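A.B. asks: Numbering (UniProt numbering), first residue to last: 1 to 143.
#1: Tell me the DSSP secondary structure of residue 143 in three-state form.
#2: Please state whether the Cβ-Cβ distance between residue 47 and residue 123 is less than 8 Å.
#3: Going residue by residue through the segment 54-131, where are the continuous alpha helix (DSSP H) segments of at least 4 residues, counting only ones entirely within it?
#4: Given a threshold of 16 other Cβ atoms within 10 Å of its Cβ, counted over all protein chains shown, does residue 143 qualify as buried or as exposed?
#5: Just to confirm my understanding: we take residue 30, look at its own chain, exclude 5 residues before and 5 after, and list those with CB closer than 7 Å. What are they?
#6: My assumption, with CB atoms under 8 Å, is that residue 16 sits in contact with residue 23. Please give the rounded CB distance.
#7: Can you name the start and end residues of the beta strand (DSSP E) that residue 21 belongs to?
#8: Return the CA-CA distance between residue 150 and residue 61, expressed in angstroms with no decimal places.
#9: What three-state label does DSSP hand residue 8 in the structure shown?
#10: Buried or exposed, going by whether 16 or more other CB atoms sit within 10 Å of the CB of residue 112?
#11: Does DSSP put residue 134 in a helix, a strand or coil?
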């Protein structure tokens with residue numbers, strides 16, 4: 001859908017170059033229901049371009065408690081399993097995924113790990129990861 005319609009959830013990915021520097025903007029909105037008709041919640045984010053290793057290697061810098069950070073380190077130390085990160089738009093899913101994967105890459109795999117992500121959409125480039133975006137049904141993906 002290329003027409004803005006506040007009554008249905010929509011999102012957009014905008015690439016823009018200004019003064020030779022690349023910027024990426026992510027926009028998303030969805031309708032909310034309340035006292036007035038036609039209300040919606042919108043989020044606009046600036047996403048850094050390029051592969052950059054996060055400086056947030058310490059999981060506590062993400063705002064989790066020491067107990068939660070310990071639980072996360074134990075979970076990430078398990079040699080088996082899959083990790084699912086979910087939440088609403090703007091809740092920090094992509095940031096969390098980037099920090100956790102870079103933590104595993106550095107501390108668990110000595111910067112020699114191999115990672116595959118399936119994201120909707122890829123927001124940050126993660127060093128050492130092979131990343132794929134979920135395709136919309138219109139683009140040949142699953143609905």
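Even glycine gets a Cβ: it sits at the ideal position worked out from N, Cα and C.
Since this is a predicted model, take the numbers as computed values, not measurements.
C.D. replies: Taking the coordinates as given:
#1: Residue confidence is low: residue 143 scores 44 on pLDDT, short of 50, so the model does not pin down where it sits. No coordinate-derived value is stated.
#2: Yes, the pair counts as a contact, with Cβ atoms nearer than the cut-off.
#3: Counting only runs of 4 or more, we get 66-77, 93-103.
#4: For residue 143, the pLDDT reaches just 44, beneath the cut-off of 50, and the residue's location in the model is therefore unreliable, leaving the point undetermined.
#5: 9, 40, 41
#6: 5 Å
#7: Segment 21-31, the beta strand (DSSP E) holding residue 21.
#8: Any property of residue 150 remains undetermined from this structure, which presents the chain solely from 1 to 143.
#9: Note: residue 8 maps to coil in three-state DSSP.
#10: exposed
#11: Residue state, collapsed to three classes: coil.
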